[in-house]
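A.B. asks:
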Amino acid sequence: MDKKFFDYIIHGGDYNPDQWINTPEIWDEDMRLMNLANVNSATVGIFAWSMLEPEEGVYNFEWLDEILDKLHANGKDVILATPSGARPAWLAQKYPEVLRVNENGIRNEYGVRHNHCLTSPVYREKVRKINTLLAERYKNHPAVKMWHISNEYCGECHCELCQEAFRDWLKVHYESLDELNEKWWNGFWSHKMTDWSQINSPKDRGENHVVAMKLAWRRFVSDSHISFYENEIAPLREITPDIPITTNFMRMYDGIDYQDFAKHLDLISWDNYPAWDKGENADEALEAAFVHDTFRSMKDGQPFFLMESTPSIVNWHDVNKIPKPMRQAQSSIQAVAHGADSVQYFQWRKSRGGHEKFHGAVVDHCGHENTRVFREVSKLGADLQKLGGAVGKGYNGKVAIVYDWQNKWAVDVFCGYNNTKRNYLAECLKWYRPFYERGIAVDIIPMDGDFAKYDLVIAPFLYMLKDGTIDRIEGYVRNGGKFVGTYLMGIVDKDDLCYLGGFPAGKLKDVFGLEVEEPDSLPEGMTNTVSCNGKNYTVVDICDILHTTSAQTLGSYKADFYKDTPAVTVNSYGKGKAYYAAFANGGDFMTDFIRDIIADLDLGAPAFEIPDGVSVRKRGDLTFILNFADEERTVTLDKEYTNLITDEKITEITLPTCGYAVVE
Amino acid sequence: MDKKFFDYIIHGGDYNPDQWINTPEIWDEDMRLMNLANVNSATVGIFAWSMLEPEEGVYNFEWLDEILDKLHANGKDVILATPSGARPAWLAQKYPEVLRVNENGIRNEYGVRHNHCLTSPVYREKVRKINTLLAERYKNHPAVKMWHISNEYCGECHCELCQEAFRDWLKVHYESLDELNEKWWNGFWSHKMTDWSQINSPKDRGENHVVAMKLAWRRFVSDSHISFYENEIAPLREITPDIPITTNFMRMYDGIDYQDFAKHLDLISWDNYPAWDKGENADEALEAAFVHDTFRSMKDGQPFFLMESTPSIVNWHDVNKIPKPMRQAQSSIQAVAHGADSVQYFQWRKSRGGHEKFHGAVVDHCGHENTRVFREVSKLGADLQKLGGAVGKGYNGKVAIVYDWQNKWAVDVFCGYNNTKRNYLAECLKWYRPFYERGIAVDIIPMDGDFAKYDLVIAPFLYMLKDGTIDRIEGYVRNGGKFVGTYLMGIVDKDDLCYLGGFPAGKLKDVFGLEVEEPDSLPEGMTNTVSCNGKNYTVVDICDILHTTSAQTLGSYKADFYKDTPAVTVNSYGKGKAYYAAFANGGDFMTDFIRDIIADLDLGAPAFEIPDGVSVRKRGDLTFILNFADEERTVTLDKEYTNLITDEKITEITLPTCGYAVVE
Amino acid sequence: MDKKFFDYIIHGGDYNPDQWINTPEIWDEDMRLMNLANVNSATVGIFAWSMLEPEEGVYNFEWLDEILDKLHANGKDVILATPSGARPAWLAQKYPEVLRVNENGIRNEYGVRHNHCLTSPVYREKVRKINTLLAERYKNHPAVKMWHISNEYCGECHCELCQEAFRDWLKVHYESLDELNEKWWNGFWSHKMTDWSQINSPKDRGENHVVAMKLAWRRFVSDSHISFYENEIAPLREITPDIPITTNFMRMYDGIDYQDFAKHLDLISWDNYPAWDKGENADEALEAAFVHDTFRSMKDGQPFFLMESTPSIVNWHDVNKIPKPMRQAQSSIQAVAHGADSVQYFQWRKSRGGHEKFHGAVVDHCGHENTRVFREVSKLGADLQKLGGAVGKGYNGKVAIVYDWQNKWAVDVFCGYNNTKRNYLAECLKWYRPFYERGIAVDIIPMDGDFAKYDLVIAPFLYMLKDGTIDRIEGYVRNGGKFVGTYLMGIVDKDDLCYLGGFPAGKLKDVFGLEVEEPDSLPEGMTNTVSCNGKNYTVVDICDILHTTSAQTLGSYKADFYKDTPAVTVNSYGKGKAYYAAFANGGDFMTDFIRDIIADLDLGAPAFEIPDGVSVRKRGDLTFILNFADEERTVTLDKEYTNLITDEKITEITLPTCGYAVVE
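Protein chains in written order, with my numbering: chain L, 272 to 935; chain F, 272 to 935; chain S, 272 to 935.
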């Protein structure tokens, strides 16, 4: 759980000196400014391929040598990137197969980034070659401390090579075409395949209604990314076995199963771009917290890196309001609270041209340090130096929420019930809130995570069940676990094939002591009401109509033809309890319901009261207190603490909006 | 007008035992459940091609033999489908020409359904072959009572074969390129064609502004469907001359001229999926009634089949709210009231996988009969058995509303006046409502229907006139008919060529006693007012500015520069009367105006008062009373009737919402 | 500045007798009607190619001879069009290269208009040939007075010929690939080009994030149009050197740099289709005035032609409300007030078919003169005959607003700050309004226009600076000019490369006496307030946070973290003054701010009070007074004038809505 890559919190970010190669005086100025900014690290080499290999087989590493030496001389750690995220124009021109083909069968032209076929043997070979050269050249460079593989992997390709690879993947994952036909229910609409070659990627102008096939394609694409990555890192593992490897994830991006990819990384790193100060900051903070916890949970609580963030604004939000002063610093401290061992920026210095020239950076186009943003970065850098106690400290919660990448895919793609309001993440956030607001750590795990570690597992909208999930839920509850399920649970298996014999699937009916007869869907503006423990809750979007067998009814519907039928139940099963919340709700129900469920559990909540809008999180011996409310907040502590930021002893602290404290 | 295919109302639906071929115990269970559900029929073979011909030339009819025998042994009638709606993967792989080409000239890949070129000789030959084999094998099977051709024909193809076929079609429909150039007004934008081969299908990346060409293409596509169908049925007509043939239409789908296609069918059948209980049920019922009447009118009042409906929900509406209990039964009884001799479902049993696995079915995934839906289907089945008196009874109304498929095309495609608010169907529904609410039967006919049969003909928004329409309106009015026209009437001929010499076209100016100078269009939020018979009506969207010649002004505009000019007129012409309503209105005008017009006509309205939200319709000796209001309604009858559902004598009946009665 | 092509105001329009070649009686009727309509001109030959050259090399000019003779015999001037705007079908069929290729690399099919590759040698040759023949044949025809080249040039092509031409263009505009790589900042995302052939047009499936490349492509496309045009007119210049040449522009269409194209025309002509009487007519009039002024300014105040307008409605607005009677006449008089020497219509007679058959025309489908529209055209024709005094009179204002076509491109395409609310034209209109409402003439000029001519130059949102702009602004202010800049000024050079060293670029910081640190963006619904001269103004969308150096602060922000920092400044620089308005505002700020700035300037405002909704403009000795308010307005004049329309002496005039007067 604990894992330490550095002895201090890394503070730095993406650095592209290659864009300024014609103005070397700027390189020296960068060193001066990094020192002023309390920055101790730089990530270099991202998108540098055309600088490293200007012509095929002609290499130019000298500039990189120089900058690494310069950084080292200035005491900066280097995170070295592989350049596969974008390719030189000559490469695409000579080997057109490296470019992606779209659903229309038309090959992309050279351009943008992430435009490479994941299958192309040529591209894989070229990537491996340049990575080998990088590793060989810098394996002993004292500044190089970590590998940053490519950049924000994403996308997909529909070329013939990928079609063939997809078919090969299918042959591995299905014993026979007969099995595939049965699993994909290909008898429907006469789709029985008689030869593997009849299968192509799903697309608008081809097959686009077979959910099982779409899920298979998403699994294949995810696996293709991982296999592409494995090809990238093979020479690094061989040549630099001691340098840890990561790649930067993009929040909850669902084109890759990050929970699967995580197994292949030495540490998780991710890029965090919240929309601060455009609306409800407390909600924005909650969602960021959820994502931090998701990534922390991916490697059993191990610390992760905040690989990218902006010191001011991004350029690609619709409207890029400047966050309040110190907001981004607060956002960075939040990351550390949730397990980050780094605060890194995209980008050190704004580029003069290109798509991201208006993306915030530590150094602006003006080129000097006399800016608000620079001063705040510098201040944050100083604060981070005081938080060495957190470095390497991992942690797990006693509660888990199941957010499963593949269930997300399945939820998004099926057609039925409520097709307009189906937001898996939003549902999970509603169940996360009651814990977040109490300062209780929650792990976010896939459905094949280890339930036994937790006192309570909540699995919102668990529509699809991977193999073994039924047994694992059953075993967990039988052995004393508390499990919460919600509407549309256990409907299909991993191939989107409906379970027969009543829902939820198989013996889950016994575990929950109920059977669902019909899910009802509520159009915008139509609601029902559930009464539970004397309070009324509004039903929106969707709800199950069910019959209890052994379950006890805790709440019932108050209207429609299913008036007075059960909506909230609990069933004692073995040594545990299985709760069922059959309806979607705006969030007030979750708050009350969770309060009741956890009344008898010790989940590690702080011993002091947490005001509205304030977030509290313990990490190791440190307690982080962050005020995301729009006004100041006073927190009365349960005992005397030391505020590490100010080095004061305190029993109470008043934080302005954007304020943070770390106490010990 | 009367026509009987069975001695009882058919109750059944789409049945796909081929999807369950690996679990034969389910076949027997289906028989048991069909008996419990009071189902007397099954439609089999839809989308079964890959089961019937798993490899080219290798056939497997045994499973079908077995299921037909089983159904017959259980006393079920079989409606046997041809499988052309979807094709085996091997067929598409071996003969790529059978797949459609999109507007970009890119051929579709194998997938979904309805993805076949309508012109492809190979596909037509393959379809004919499999249909021949089906007919030969089952021509004497005692269970087989009707042919269900393909399934919901739709779509179009832009391949070279279709381009050539389109040109051939044009050569038949235009005497020469000169004529085509003149009719399409190709002098505009220099579009004179000098060779037929210069013409392609309309498309975004080609010709997309020539309305006449778009109309020609729609006619060609419609004719292609009919010709495809004729190819399908040729072997059936030869081998099974006594088995009636139908194909299932999709509500008001306008990709095919159903009024033309109808001539080729022995009976109409259609698929009805109203959006019950999501908003205004009375409006939903009115629109369903209109559609029923449209299909009843297509074959001179002859009964039709309700080939598909859902016993609960569909899966493809945006939000699939469960209708109130017995709503779907009421909806089925409404179909019978309007002329249906069947109530059939898609689908008997939910499929485990595939796109429609969450579409309602009689038998749910749980597999047993203990569901609300199953019980309601069973109850409805029992009720239908009491309505044998309706079977085979056709009827016509004394009023006709002109809803013409080709006028729909023309209205949708022209550019001018109000381009944002142009809903031909909605206009027709406004004129239908006053009759519907009085229980008066209305026929819905094309503009080349036989006006002479009717006391009153209403032709809303009759923008385009097919050949002969002017003469037929003139003759009808001259001979004593009452005819109502509205704004933008008689503007173009069938090639969208404007009539010269003033609107409406030609001698319609005499018939109506007026000339239209300028149509005005009103943006959202701008209105005018018409005063008529002392009441004010709101003008929306569009209105004609006109001059009367011989017509009498009944109502006038109250604002804008055409204040006090005529908006509603009547003209005595020959023995008849021609009314003109020059403006669009929300509906209150139609209600009042129709009340006045029909005051002196006997249109067969029921002799009792009809409460708000209740629909009454006479069919033969039976009178159907349906409560679509959201609360109960009491109907006081004019005399004693027998309620066939309950076998009680009644002079008054109180119906809950969703309630229905059939009295005699 | 003055320039006279005719001795009277031209009154006529597009005339397509070729569409009526089979009904020659209509030609004679047209002559009769033109005389009745007080029309003195006709524009013929637009889109007539398939009539002129029905087969390749087979010509038919006889019909054109006849119509030109007929027009001449009836005393009508002819504006003769070249037919390149649409091509015969045979030409596209024989030479497919003449058709455009879209971004997907798929060639368009024959259809619509403007569907030709601008590069195609074949098409250029064919156009030149037909133009040569036209010029030869009609060079001495007494009716032919002006060339109308093609029609509304627009669009672009992505074929291989255009790719090659684009690369050739780049080679001319960049000294080397190295320079291009540096200017386009191709180090970003590894985009260094090593061979010109690696560059293609920007497109979704290729490069779409390099702003500099997009700007280069837009410049190339614009230049391609001009070069296409130069090819068209070469034979005309040679054969008919004395006949002036124009082409009709489309309002503010930004696919071509009209300010550049203007240099190649003898006179500007443009097509004006305001949306009268659908909303705020005064705003609609203001925008039309701005566009008139833009075109008048393009050739140093020289009169232009109103080449197209509608006498009633168009057919392609969403909803084509009929404007109030005489509104279109008023709109025509407004054109003359702003410098038009013609009032011309699309179209003389409505076509029977085709896309524009419902577009308004002088002669409607009824074919006779007894229509409201015909009478109004005739009345306007008579009025125009009284305004001979205006003919040939050009004029310039003493104030210029910089509206620069290429800055429009740059503003539209960059990614950053506020990506949803960025409307360059709307910003310019806000600064135009205070002058317009006072009857002060304003020139609308590109950033490379001659500032020295003006007492005041306003450059809203001058984000991109063409070469030399910094020096020209600096020199203008230093020499005594007043210059107003606004937020996001001077950010990038013409290749969208950010200026380094602080904004606005280079010595503009000295000129304005300030430095901008951060632009802030405000989402919909979030605002700030600026207090200036004791009044409060709402800040919307975007605002700069800045520091003054030498500038004086006139107004400050009232909220957010930059509360009390400068928002409005003025700096004395040399003999002039540089104003900076750092924020976007709805318009009230501009009104007040301009009032203050111009207090000491004599800008030629009329000597009488102008009521709200009334527009006044002087042209030569004439003063035009137009009432765009929805009610009548009375204008009290400063002395006695002669109303040329009524030939009355007046000191006061009351105009109804749509009313106009021209006084001397």
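A virtual CB, placed ideally from N, CA and C, is assigned to each residue, including glycine.
Keep in mind the model is a prediction, meaning the values are calculated, not measured.
Just how far apart, CA to CA, sit Ser-622 (chain F) and Leu-335 (chain F)?
C.D. replies: Along the second sequence, one-based indexing puts residue 622 (chain F) at 351. Along the second sequence, one-based indexing puts residue 335 (chain F) at 64. In a straight line, the C-alpha of Ser-622 (chain F) is about 18 Å away from that of Leu-335 (chain F).
A.B. asks: What does Gln-364 (chain L) touch in chain S if you count any residue whose Cβ is under 8 Å from its own?
C.D. replies: Residue numbering aside, residue 364 (chain L) sits at position 93 when the first sequence is read from its first letter. The contacting residues are Asp-466, Ser-468, Gln-469.
A.B. asks: Does Asn-373 (chain F) have its Cβ less than 8 Å from a Cβ in chain S?
C.D. replies: Within the second sequence, the letter at position 102 stands for residue 373 (chain F). No, because no Cβ of chain S sits closer than 8 Å to the Cβ of Asn-373 (chain F).
A.B. asks: Does the separation of the CB atoms of Asp-537 (chain F) and Thr-518 (chain F) fall below 8 Å?
C.D. replies: Here residue 537 (chain F) refers to the residue found at position 266 when the second sequence is read from its first residue. Here residue 518 (chain F) refers to the residue found at position 247 when the second sequence is read from its first residue. Against a cut-off of 8 Å, the Cβ pair of Thr-518 (chain F) and Asp-537 (chain F) comes out as no contact.
A.B. asks: Thinking just about the alpha-carbon of each residue, which of F:Pro-582, F:Met-523, F:Glu-795 is nearest to the one in Met-569 (chain F)?
C.D. replies: On the second sequence, residue 569 (chain F) is found 298 positions in, with the first residue counted as 1. It is F:Met-523.
A.B. asks: Quick check on the DSSP output: the alpha helix (DSSP H) that includes Leu-733 (chain S) runs from which residue to which?
C.D. replies: Translated into positions along the third sequence, residue 733 (chain S) becomes position 462. Unbroken run through Leu-733 (chain S): none, as it is neither H nor E.
A.B. asks: Tell me the DSSP secondary structure of Lys-657 (chain F) in three-state form.
C.D. replies: To locate residue 657 (chain F), count along the second sequence from 1; it is residue 386. It is helical.
A.B. asks: Can you tell me whether Gly-739 (chain F) is buried or exposed? The criterion is at least 16 other CB atoms within 10 Å of its CB, across all chains shown.
C.D. replies: As a position in the second sequence, residue 739 (chain F) is number 468, starting the count at 1. Result: exposed.
A.B. asks: Mark Thr-581 (chain L) as exposed unless 16 or more other C-beta atoms lie within 10 angstroms of its C-beta, in which case mark it buried.
C.D. replies: Stepping through the first sequence from its first residue, residue 581 (chain L) is reached at position 310. Its Cβ being crowded by 16 or more others within 10 Å, Thr-581 (chain L) is buried.
A.B. asks: I need the DSSP call for Pro-717 (chain S), collapsed to helix, strand or coil.
C.D. replies: For the purposes of this step, residue 717 (chain S) is taken as the residue at position 446 of the third sequence. Here Pro-717 (chain S) sits in coil by DSSP.
A.B. asks: Please state whether DSSP places Met-569 (chain L) in a helix, a strand or coil.
C.D. replies: The residue labelled residue 569 (chain L) in the question sits at position 298 within the first sequence. Helix.
A.B. asks: Can you find a heavy atom of the ligand NAD that lies under 7 Å from the Cβ of Thr-913 (chain L)?
C.D. replies: Absence of the ligand NAD is noted for the structure shown, with no ligands found whatsoever.
A.B. asks: Assuming Ser-613 (chain L) contacts Leu-577 (chain L) (C-beta within less than 8 Å), just tell me the rounded distance between them.
C.D. replies: Residue 613 (chain L) sits at position 342 when you count from the first residue of the first sequence. Residue 577 (chain L) sits at position 306 when you count from the first residue of the first sequence. With a Cβ gap of about 5 Å, Ser-613 (chain L) and Leu-577 (chain L) count as contacting.
A.B. asks: Taking the alpha-carbon of Asn-543 (chain S) as reference, which of S:Ile-510, S:Gly-526, S:Glu-579 has the nearest alpha-carbon?
C.D. replies: Position 272 of the third sequence, counted from the first residue, corresponds to residue 543 (chain S). The candidate whose alpha carbon is nearest that of Asn-543 (chain S) is S:Glu-579.
A.B. asks: So which residues of chain F does Lys-463 (chain S) contact, with C-beta pairs closer than 8 Å?
C.D. replies: Residue 463 (chain S) sits at position 192 when you count from the first residue of the third sequence. Within chain F, no residue comes near Lys-463 (chain S); the closest Cβ sits about 33 Å away, beyond 8 Å.
A.B. asks: Just the chain F side, please: which residues come within less than 8 Å of Val-329 (chain S) by C-beta, in chain order?
C.D. replies: Numbered from 1 along the third sequence, position 58 holds the residue referred to as residue 329 (chain S). None at all; the shortest Cβ gap to chain F is about 10 Å.
A.B. asks: Need the endpoints of the alpha helix (DSSP H) that Asp-531 (chain L) sits in, please.
C.D. replies: Position 260 of the first sequence, counted from the start, is the residue given in the question as residue 531 (chain L). Run containing Asp-531 (chain L): 529-532, per the alpha helix (DSSP H) assignment.
A.B. asks: Can you tell me whether Lys-679 (chain S) is helix, strand or coil according to DSSP?
C.D. replies: The residue you call residue 679 (chain S) lines up with position 408 of the third sequence. Note: Lys-679 (chain S) maps to helix in three-state DSSP.
A.B. asks: Can you say whether Ala-505 (chain S) is buried or exposed, counting buried as having 16 or more other CB atoms within 10 angstroms of its CB?
C.D. replies: By one-based count along the third sequence, residue 505 (chain S) stands at place 234. Per the 10 Å Cβ criterion, exposed.
A.B. asks: Output yes if chain L places a C-beta closer than 8 Å to the C-beta of Phe-706 (chain F); else output no.
C.D. replies: As a first step, residue 706 (chain F) must be located in the second sequence, where it is residue number 435. Cβ-Cβ to chain L under 8 Å: no for Phe-706 (chain F).
A.B. asks: With 16 other CB atoms within 10 Å as the buried threshold, where does Met-272 (chain S) fall?
C.D. replies: Taking the third sequence and counting its residues from 1, one reaches residue 272 (chain S) at position 1. Met-272 (chain S) should be labelled exposed.
A.B. asks: Closer than 7 Å by C-beta to Asn-452 (chain S): which residues in its own chain qualify, once you throw out the five before and the five after it? Chain order, please.
C.D. replies: As a position in the third sequence, residue 452 (chain S) is number 181, starting the count at 1. Excluding positions up to five away in sequence, the list reads Lys-463, Met-464.
A.B. asks: By the DSSP assignment, the alpha helix (DSSP H) with Trp-541 (chain F) in it spans what residues?
C.D. replies: Counting from one through the second sequence, the residue named residue 541 (chain F) turns up at place 270. Per DSSP, Trp-541 (chain F) belongs to no alpha helix (DSSP H); it is in the beta strand (DSSP E), 540-542.
A.B. asks: Thinking C-beta only, is Leu-323 (chain S) closer than 8 Å to Asn-331 (chain S)?
C.D. replies: Start at 1 with the first residue of the third sequence, and residue 331 (chain S) comes out as number 60. Start at 1 with the first residue of the third sequence, and residue 323 (chain S) comes out as number 52. Cβ distance < 8 Å, so Asn-331 (chain S) and Leu-323 (chain S) count as in contact.
A.B. asks: Can you pull the chain L residues whose beta carbon is under 9 Å from the beta carbon of Leu-793 (chain S), in chain order?
C.D. replies: Here residue 793 (chain S) corresponds to residue number 522 of the third sequence, with the count starting at 1. Per Cβ cutoff of 9 Å: Val-590, Lys-592.
A.B. asks: Does any CB atom of chain L fall closer than 8 Å to the CB of Tyr-747 (chain F)?
C.D. replies: To locate residue 747 (chain F), count along the second sequence from 1; it is residue 476. No, Tyr-747 (chain F) does not count as interfacial toward chain L.
A.B. asks: What are the start and end residues of the beta strand (DSSP E) that includes Lys-920 (chain F)?
C.D. replies: As a first step, residue 920 (chain F) must be located in the second sequence, where it is residue number 649. Lys-920 (chain F) -> beta strand (DSSP E) spans 919-926.
A.B. asks: Only counting the same chain, and skipping five residues up and downstream in sequence, which positions put a Cβ closer than 8 Å to that of Tyr-725 (chain S)?
C.D. replies: Counting from one through the third sequence, the residue named residue 725 (chain S) turns up at place 454. Closer than 8 Å at Cβ, skipping near neighbours: Gly-668, Lys-669, Val-670, Ala-671, Asp-714, Gly-752.
A.B. asks: If I'm right that Ala-876 (chain F) touches Arg-709 (chain F) with Cβ under 8 Å, what's the distance once you round it to whole angstroms?
C.D. replies: Counted from its first residue, the second sequence places residue 876 (chain F) at position 605. Counted from its first residue, the second sequence places residue 709 (chain F) at position 438. Yes, they are in contact, since the Cβ atoms of Ala-876 (chain F) and Arg-709 (chain F) sit about 5 Å apart, within 8 Å.
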